[in-house]
Every structure is written in structure tokens, then in C-alpha cells.
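First the structure, in the form of C-alpha cells, and then the observations on it.
Numbering (this note's numbering), first residue to last: 21 to 113.
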């Protein structure tokens, strides 16, 4: 009985360690994928560089990078997104 409880506890600890809760996205995504992530309401903050690199900080604590096609494209997409993106914090260099 004692061994069974120990095995069950170890199994639950291992299962919990495997569940990271992070997004399925790689560190870098295409512009189209970044816009999809934005429109799904997963973005908490967007940061744009003059080099066109955009970093999206997601609500689950992860971040993804992309390259926007033209400067300020991320701001245009946030505007088009509407209410879903109303609370997204914006930053630029």
C-alpha cells in the first residue's frame, strides 16, 4: 500500500513537470501567424523596432518574434482587431 502511494505521487509529480502550459508557437513566427495570434486575443503587449522586428508578449508569459512587412503594420493590425485587442499595450523604439 505504501509503495503504491509513493508511485502514484511520483507519477503525478512527473506528469505535472511535463505540462508546461506554454504556447505551441516557436520563438519566431511568420507575419501571418503573428496576426492570427493577435486576433485570437493571446497578446498582452506588442513591441516594435525600427528594423521591423516585432515581439509579441503573450498572456501566458511566453513571447514570439516576427517581422512586419512595413513599419507600424502591427499597430494597424491591432486597430483592425478591435475589442479583442483593446487592452494590448503598445511600445516602439
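Even glycine gets a Cβ: it sits at the ideal position worked out from N, Cα and C. Remember, it's a predicted structure, so these values are computed and weren't measured experimentally.
Straight-line Cα distance separating residue j from residue i
{"i": "residue 92", "j": "residue 68", "result": "8 Å"}
{"i": "residue 50", "j": "residue 77", "result": "15 Å"}
{"i": "residue 61", "j": "residue 75", "result": "15 Å"}
{"i": "residue 94", "j": "residue 71", "result": "13 Å"}
{"i": "residue 101", "j": "residue 80", "result": "20 Å"}
Backbone secondary structure at residue i - three-state DSSP
{"i": "residue 74", "result": "strand"}
{"i": "residue 93", "result": "helix"}
{"i": "residue 87", "result": "strand"}
{"i": "residue 56", "result": "helix"}
{"i": "residue 63", "result": "strand"}
{"i": "residue 103", "result": "helix"}
Exposed unless 16 or more other CB atoms sit within 10 angstroms - verdict on residue i
{"i": "residue 106", "result": "exposed"}
{"i": "residue 112", "result": "exposed"}
{"i": "residue 88", "result": "buried"}
{"i": "residue 56", "result": "exposed"}
{"i": "residue 103", "result": "exposed"}
{"i": "residue 63", "result": "buried"}
{"i": "residue 97", "result": "buried"}
{"i": "residue 108", "result": "buried"}
{"i": "residue 84", "result": "buried"}
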